[in-house]
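Worksheet: one structure, shown below.
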Amino acid sequence: MAAPFVIPETDSVRKAVSLFNTIDTGKFSRLLSRIIQKLHLKAESTFTEEEEEKLQAAFSVEKQNLHLILETITFILEQAVYHNLKPAILQQQLEHSHVDHDKAEVFATTWAAAGPETVEKFRQRMLSPQKLETVGWQLNLQMAQSTQAKQKAPQAVLELGVSNEDSKPDLVVLALNFREQQDIVLLPDLTKVHSVLQK
4 MAAPFVIPET
14 DSVRKAVSLF
24 NTIDTGKFSR
34 LLSRIIQKLH
44 LKAESTFTEE
54 EEEKLQAAFS
64 VEKQNLHLIL
74 ETITFILEQA
84 VYHNLKPAIL
94 QQQLEHSHVD
104 HDKAEVFATT
114 WAAAGPETVE
124 KFRQRMLSPQ
134 KLETVGWQLN
144 LQMAQSTQAK
154 QKAPQAVLEL
164 GVSNEDSKPD
174 LVVLALNFRE
184 QQDIVLLPDL
194 TKVHSVLQK
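Pasting the structure below:
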């Protein structure tokens, strides 16, 4: 079975290819290594503003063209991850898209070295950017009020501790308050969730 062709023939890709064909191979190799190291981090930018300015000067390109280069390289690497391409196939597809042989070889070499680890990082990454870390609950029962002697007003508080995938130390606590009518509606759903989690 032939590998799917993952690099589209669009104007922006053609322009990006012509731009990164002009970059020195050594600099291009370091650029690729940096991008592939941070590829699995969704919320984090690969380069700071200061680093982007240095890249603009080093590659002699405008900011818009630098962003096109970075986005195209990132897209190609993400496609390689998604399709789990072999380095030789990636190189062949890049050359088919008119990437210079030496640049395609740098892509293939970098992918051969870091690709399996990158694919594994993507496999371990959660589909949702947030992860439920802690669950706490309270049940409060108000038995009387100054205006009513006998009153039963249950109130449940459900606390969910949620962390962002890319920044583990930051835990956000969401507090959900429920009154009796809401509890009756929520209970069947919670029961279903509990039974699925117990399997």
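Residue numbering for the sequence shown is 4 to 202, as defined by this note's numbering.
No residue lacks a Cβ here, since even glycine has one placed at the ideal position from N, Cα and C.
Bear in mind the structure is a predicted one, so any value in this text is a computation, not a measurement.
Beta-carbon separation (whole angstroms), residue 178 vs residue 160, contact threshold 8 Å: 6 Å
Beta carbon of residue 84 nearer than 8 Å to that of residue 125: yes
Residue of 136, 128, 44, 49 minimising C-alpha distance to residue 73: 49
Bridge partners - residue 182, DSSP secondary structure assignment: 158
Residue from 12, 194, 191, 57 with nearest C-alpha to residue 98: 12
Selection from 30, 41, 21 that minimises the alpha carbon distance to residue 1: Because the chain in this structure spans residues 4 to 202, residue 1 falls outside the shown range and cannot be described.
Straight-line gap, residue 43 to residue 128 (C-alpha atoms, nearest Å): Each residue's alpha carbon lies about 8 Å from the other.
Residue 134 - partner residues in DSSP beta bridges: The partner list for residue 134 (beta bridge, DSSP) reads 166.
For residue 4, three-class secondary structure by DSSP: Low local confidence applies: a pLDDT of 49 at residue 4 is under 50, so the model's placement there is unreliable, and no value is given.
Inter-residue Cα distance where the pair is residue 56 and residue 67: 11 Å
Beta bridge counterpart(s) of residue 143 as assigned by DSSP: 158
contact_flag[the region 81 to 96, the region 20 to 35] where n(CB pairs < 8 Å) is 3 or more: no
CA nearest to the CA of residue 137, picked from 145, 116, 176: 176
Residue 94 vs residue 108 beta-carbon contact at 8 Å: yes
Residue 163 and residue 135 closer than 8 Å at C-beta: Yes; because the gap between Cβ atoms is below 8 Å, this pair is in contact.
Helix, strand or coil at residue 173 according to DSSP, with G and I counted as helix: When secondary structure is reduced to three states using DSSP, residue 173 falls in the strand class.
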